[in-house]
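For reference, the structure is listed below as C-alpha cells.
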Amino acid sequence: GENVEQHPSTLSVQEGDSAVIKCTYSDSASNYFPWYKQELGKGPQLIIDIRSNVGEKKDQRIAVTLNKTAKHFSLHITETQPEDSAVYFCAASIVPVYFGSGTKLNVKP
Amino acid sequence: EAQVTQNPRYLITVTGKKLTVTCSQNMNHEYMSWYRQDPGLGLRQIYYSMNVEVTDKGDVPEGYKVSRKEKRNFPLILESPSPNQTSLYFCASRGDTYEQYFGPGTRLTVT
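Protein sequences appear in the order of chains A and B.
Residues 5 to 113 (this note's numbering) make up the first sequence, in order.
Residues 4 to 114 (this note's numbering) make up the second sequence, in order.
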C-alpha cells in the first residue's frame, strides 16, 4: 500500500512568518493529495487539496505544491497567525486514504 | 446543519467487553470510513464503505468489525476489546468532491 511520510513533526514560528510542511508518498498511482487541519478536541477539517494533474494550488494564505516526479508535496502558510496553531495532516490517495503522521504547528504571537 | 455524529464521545471499558461506537451522517454521502488516531502515527484507516452493504478493510482492521445496512449509519464494533485498542477514533463521510467530513471523535480507553 501507500506510505506517506510527513516532516517536521513539530514546527514553531513567529506570527507573520511563513510555515512549510513537507510530505512524501510512495505509490506513483496516487492522484489526490489533501491537507487537513485539526484543532484541539476536534476532528480534522480539509483546508486545501490538489490533484495530480496540477502542480500548485493557492487559497489566500495557504498553498500546496506537488512534484509528481519526486513524489512529494508541500503545504505553505504565509503570514501566519495564532489561529493557524493546530495539527496539520497530509494524505494521499482516494480509496483507501493514507495519512501522514501530522505536524504540530505553533504560531507565537 | 451538515454533520457527522459519533456516540459515545468518551468510553472507558474493560478487556473483552463488546462495544459499539455509532456513526451517522446527514449529507447523503455514499462513502464512510473509520480511523484511529494515535500519537506519532497520525490517522490510520480501519475500515471503509463505498456504499450500503459494501465494506473493505483499511490499514488496521484487526480486532474491528463494521456494518453498513443504511446509507447514513456506519457503526464500529469491537467484539473483544484489548488495551492496544485504546485510541481516539474518528468516523468520516465523503461525497463526490473527495473532501472527507470528520466526526468529533470518540476517545476509547480499554483497561
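Think of the CB as a built atom: it goes at the ideal place given N, C-alpha and C, for glycine as much as any other residue.
Since we're looking at a predicted model, the values are computed, not measured.
For the beta strand (DSSP E) that contains B/Thr-100, what are its first and last residues? If you number the second sequence from 1, residue 100 of chain B lands on position 97. Neither: B/Thr-100 is in no beta strand (DSSP E) and is coded neither H nor E.
Excluding the 5 residues flanking B/Pro-11 on each side, which residues of the same chain have their C-beta closer than 8 Å to its C-beta? For the purposes of this step, residue 11 of chain B is identified with residue 8 of the second sequence, where counting begins at 1. The residues are Val-24, Thr-109.
So for B/Glu-33, helix, strand or coil by DSSP? The residue given as residue 33 of chain B occupies position 30 in the second sequence. Note: B/Glu-33 maps to coil in three-state DSSP.
The beta strand (DSSP E) that contains A/Asp-63, what's its start and end? Residue 63 of chain A sits at position 59 when you count from the first residue of the first sequence. 60–63 is the span of the beta strand (DSSP E), which, as asked, contains A/Asp-63.
Using 7 Å as the cut-off, classify the Cβ of A/Tyr-29 as near or not near the heavy atoms of the ligand NAP, replying yes or no. The ligand NAP is not part of the structure shown, which contains no ligands of any sort.
What is the rounded straight-line gap between the Cα of B/Leu-46 and the Cα of A/Arg-65? As a position in the second sequence, residue 46 of chain B is number 43, starting the count at 1. As a position in the first sequence, residue 65 of chain A is number 61, starting the count at 1. If you take the alpha carbons of B/Leu-46 and A/Arg-65, they lie about 25 Å apart.
Look up B/Glu-4 in the DSSP assignment and say whether it is helix, strand or coil. The residue you call residue 4 of chain B lines up with position 1 of the second sequence. Of the three classes helix, strand and coil, the one that applies to B/Glu-4 here is coil, per DSSP.
Whose C-beta lies closer than 7 Å to the C-beta of A/Leu-109 among residues of the same chain, with five residues either side of it excluded? Mapped onto the first sequence, residue 109 of chain A falls at position 105. The residues are Leu-15, Ala-23, Asp-88, Ser-89, Ala-90, Tyr-92.
Could you check how far apart the C-beta atoms of A/Asn-7 and A/Ser-32 are, in whole angstroms? I think they sit under 8 Å. To locate residue 7 of chain A, count along the first sequence from 1; it is residue 3. To locate residue 32 of chain A, count along the first sequence from 1; it is residue 28. Not confirmed; about 12 Å, so no contact.
Indicate whether at least one CB of chain B lies closer than 8 Å to the CB of A/Val-99. For the purposes of this step, residue 99 of chain A is taken as the residue at position 95 of the first sequence. A/Val-99 counts as touching chain B.
CA-to-CA distance, B/Gly-19 to B/Tyr-104, given in whole angstroms: The count along the second sequence starts at 1 and reaches residue 104 of chain B at position 101. The count along the second sequence starts at 1 and reaches residue 19 of chain B at position 16. Each residue's Cα considered, the two are about 31 Å apart.
Determine the DSSP secondary structure at B/Asn-87, reduced to helix, strand or coil. In the second sequence, the residue the question calls residue 87 of chain B occupies position 84. Of the three classes helix, strand and coil, the one that applies to B/Asn-87 here is helix, per DSSP.
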